[in-house]
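What follows is a single structure, written as structure tokens, with notes after it.
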Amino acid sequence: MEPPPLRAAVPAGVAAAEEAWAAPAWVPTRALGRTVLLTGLLLVLGVALGRVDLVLLAAPFAVGAAIGLRRMPRSAPELTIDADEEHVVEGGRVAAGLTVANPDVITYDLVVVRARTSPWLELENADRPFAITVAPDGWTGVELPGAALRWGRHDVGPAAARVAACGGLLACRPVVTPPRGVRVFPETEPFAATEAMPAAAGLVGNHRSRRPGEGGELAGVRPFAPGDRLRRIDWRVSLRTRDLHVASTLSDRDAEVLLLLDVLGEAGTSEGVKGRASVLDTTVRAAAAIAEHYLQRGDRVSLLEYGSSARRLRPATGRRQYLTVLEWLLDVRADTGGVQGPHEHVFGAHHVSPDALVVVLTPLVDPRSADMLAGLTQSGRYTVAVDTLPAGAAPPIRGPLTPLATRLWRMERENVLGRLREHGVPVVTWAGTGSLDLVLRDVSRLASAPRGR
Amino acid sequence: MLDGVNRRIERTRRAVARATPLPLMVRCGLGLVFFAAMTVAWPSGVVASRYVVALGLVAAYPAFAPRGRGVTFAILVVVGGWILDTTGGDARVALWRVLSIATLLYLGHTLAALAAVLPHDAIVNADVVATWLARALLVVLISAVLTVIALGLTAELAGDPFVIATLVGLGAAVGTTLLLARMLRRA
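If you read the sequences in order, they're chains V and Y. First residue of the first sequence? That's 1 in this note's numbering, and the numbers climb one at a time after it. First residue of the second sequence? That's 454 in this note's numbering, and the numbers climb one at a time after it.
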């Protein structure tokens with residue numbers, strides 16, 4: 001018996017069909033339709049009326065079509081978006097550009113290219129379309145220089161190009177290119193804290209700890225004991241007392257700093273690097289400044305979002321960690337989820353190392369933030385709250401009672417701040433250098449006391 | 454309805470505020486070219502009368518809507534005026550008028566094709582318009598040569614223009630058919 005003939009598992013011509021589908025669609029324009037209509041009509045009229053002048057009126061249309069369509073376009077234009085890969089800091093210059101390449105054998109008479117850009121990138125003429133020509137097998141670029149107004153990941157694009165060729169008789173369907181991201185790092189406000197860390201935990205570092213050991217900070221003078229190094233002997237005291245004494249020092253340790261970013265809400269208006277700052281602006285810039293300061297001093301810095309996503313950056317030290325912190329901060333978004341987010345169960349004091357200094361950057365707008373702060377302090381963590389609410393922040397006026405409601409809300413917030421201070425949570429308004437010195441001193445003092453909790 | 458009108462006025466105001474010089478010049482040129490074609494094609498009596506306002510409106514409409522059918526309509530009005538003048542008005546078929554009308558109609562047509570794809574607020578490289586106009590002038594030049602030769606031949610064979618028209622017409626029809634067939638095969 002003859003076996004049935006085998007057939008190919010893959011239907012023939014699939015690739016060809018896909019290629020045809022993906023091929024650029026050059027479509028006739030209304031101008032081509034008009035050319036055909038007028039040429040035909042004038043020829044018919046010329047023949048019917050026996051008028052050579054009518055035929056001659058049609059001549060430019062026919063000649064124009066013949067010249068235009070003697071070579072047809074075959075491929076689509078290639079549109080690329082170029083954007084800065086460098087480290088751009090908000091307020092700095094950004095160089096972006098659009099490039100249209102013509103892989104075809106005919107000139108693109110007109111390419112209209114336009115791009116949508118993030119409102120935080122102030123690019124020159126980015127809101128206007130550009131009309132250019134592109135030579136065959138060549139490319140034409142459009143420069144979009146400008147400035148970055150605010151930190152974050154900002155898109156240049158999507159961009160679209162529409163091409164008219166053959167004297168406007170044929171047009172290509174728009175070619176769209178996906179956006180290209182520009183990373184704009186926050187401008188770090190100058191920050192320095194001279195106060196000691198409340199608890200230095202590691203074995204190396206340059207904070208004077210509260211524990212005796214090898215270090216540079218004099219803790220006191222005590223009688224010589226077996227095991228003391230000879231170069232530690234304080235000869236002056238030893239001669240006076242007629243007994244050997246040594247100078248004891250405090251050990252130098254590093255510390256862990258946890259920056260807890262409250263992203264439960266956004267408030268205030270963000271006007272970029274030169275204007276007013278919103279809550280998230282202050283949060284991100286302050287976090288970058290604090291992280292830079294402590295990382296430069298050799299401390300370990302970790303970050304955590306207080307929100308439904310609860311993103312976390314593991315503690316580490318050094319310049320590499322600083323760059324990671326900046327990159328991590330670019331993705332900070334306000335949590336616009338429901339009132340009872342899942343983070344209620346995600347975040348807890350057990351996530352925070354007992355020896356870490358916790359700097360909570362919070363606008364204290366959401367009651368959950370105050371609860372979290374109180375919880376951290378109750379569990380014995382060294383907590384400092386940085387108030388990030390802008391001075392003039394107020395809800396939008398929706399009615400005659402809004403100002404009254406705003407006043408009530410402000411009073412309630414002051415009340416919350418007062419109660420937090422009563423609970424031992426220092427709350428300080430962010431003001432750059434020295435913002436945390438006063439409160440860090442208090443926290444250090446508390447830390448040096450015996451922990452009896 | 455008032456809201457709609459206000460919105461439209463606001464949209465127009467915004468469009469005018471954003472307009473850039475070159476697209477604006479292209480559109481103005483389009484309107485002027487069609488108006489010039491009207492004045493050449495229509496009988497001088499009509500052009501001198503108050504009907505010139507209507508002709509001006511028809512000529513100006515494509516400048517505002519170059520993507521619509523207004524361009525075809527304006528060209529047909531010009532051709533209609535020409536036929537009216539040379540048939541009913543009994544005017545002579547002068548070479549300069551045929552040349553002017555053919556040139557102006559093609560210029561209007563190609564400027565409309567450019568204005569249709571050129572956004573009014575675009576930043577335009579000057580070479581776009583220059584290349585476009587250069588090609589149009591080349592086309593116009595070739596057509597003018599053809600016109601002069603054809604009308605010369607008609608004058609030589611005075612009394613039998615019908616044959617010339619038929620021959621040229623048939624030749625052009627065959628050429629156009631071949632062109633369209635080729636275009637459709639490739640498109």
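Where a beta carbon is used, it is the ideal one built from N, C-alpha and C, also for glycine. Here the structure is a predicted model, which means the values were calculated and not measured.
| Query | Result |
| --- | --- |
| Of the listed residues V/399, V/390, V/376, V/410, nearest to residue 426 of chain V (C-alpha basis) | V/376 |
| Interface residues of chain V facing residue 559 of chain Y [CB-CB closer than 8 Å] | 60, 61, 64 |
| Residue-level contact to chain V via CB, residue 538 of chain Y, 7 Å cutoff | no |
| Nearest-angstrom Cα separation, counted from residue 76 of chain V out to residue 175 of chain V | 8 Å |
| Within chain V, the residues that residue 588 of chain Y reaches when beta carbons sit closer than 9 Å | 64, 67, 68, 109, 167 |
| Where the beta strand (DSSP E) through residue 306 of chain V begins and ends | 300–306 |
| Inter-residue Cα distance where the pair is residue 262 of chain V and residue 412 of chain V | 19 Å |
| Residue 630 of chain Y - DSSP class collapsed to helix/strand/coil | helix |
| Buried or exposed by the 16-neighbour rule on C-beta atoms within 10 Å, applied to residue 102 of chain V | buried |
| Residues from the region 123–140 of chain V in contact with chain Y, defined by Cβ distance under 9 Å | 125, 127, 128, 129, 130, 131, 132, 133, 140 |
| Where the region 29–40 of chain V meets chain Y: residues whose CB sits under 9 Å from a CB there | 29, 30, 31, 32, 33, 34, 35, 36, 37, 38, 39, 40 |
| Within-7 Å CB hit, residue 576 of chain Y to chain V | yes |
| Closer than 7 Å at the beta carbon, the chain V residues around residue 585 of chain Y | 109 |
| Residue 580 of chain Y vs residue 133 of chain V beta-carbon contact at 7 Å | yes |
| Pair within 7 Å by beta-carbon distance, residue 152 of chain V and residue 330 of chain V | yes |
| Test: residue 571 of chain Y CB closer than 7 Å to a CB of chain V | yes |
| Supposed contact pair residue 287 of chain V and residue 259 of chain V - C-beta distance, whole angstroms, cut 8 Å | 5 Å |
| Cβ pair residue 62 of chain V, residue 39 of chain V closer than 7 Å | yes |
| 7 Å Cβ cutoff, residue 595 of chain Y in contact with chain V | yes |
| Residue-level contact to chain V via CB, residue 580 of chain Y, 7 Å cutoff | yes |
| Euclidean distance between Cα positions of residue 84 of chain V and residue 461 of chain Y | 40 Å |
| Contact check, residue 354 of chain V vs residue 388 of chain V, beta carbons under 7 Å | no |
| Residues of its chain near residue 500 of chain Y, where Cβ-Cβ distance is below 7 Å and the 5 sequence neighbours each way are ignored | 492 |
| Alpha-carbon to alpha-carbon, residue 236 of chain V and residue 221 of chain V | 11 Å |
| At least three beta-carbon pairs within less than 8 Å, the region 527–534 of chain Y to the region 455–473 of chain Y | no |
| Contiguous alpha helix (DSSP H) assignments of at least 4 residues, all confined to the region 501–551 of chain Y | 505–517, 523–536 |
| DSSP three-state assignment for residue 139 of chain V, whether helix, strand or coil | strand |
| N-terminal and C-terminal residue of the beta strand (DSSP E) that residue 455 of chain V is part of | The structure shown does not extend to residue 455 of chain V, since chain V is modelled only from 1 through 453, so no value can be given for it. |
| 7 Å Cβ cutoff, residue 104 of chain V in contact with chain Y | no |
| Proximity test, Cβ basis, 7 Å: residue 527 of chain Y and chain V | no |
| Straight-line Cα distance separating residue 502 of chain Y from residue 641 of chain Y | Not covered by the structure: residue 641 of chain Y. The range shown for chain Y is 454 to 640. |
| Reduced DSSP secondary structure (H/G/I, E/B, other) of residue 262 of chain V | strand |
| Terminal residues of the beta strand (DSSP E) in which residue 78 of chain V lies | 78–82 |
| Residues near residue 165 of chain V by beta carbon distance below 7 Å, same chain, minus five either side | 73, 106, 108, 109 |
| With 16 other Cβ atoms within 10 Å as the buried cut-off, status of residue 549 of chain Y | exposed |
| Backbone secondary structure at residue 75 of chain V - three-state DSSP | coil |
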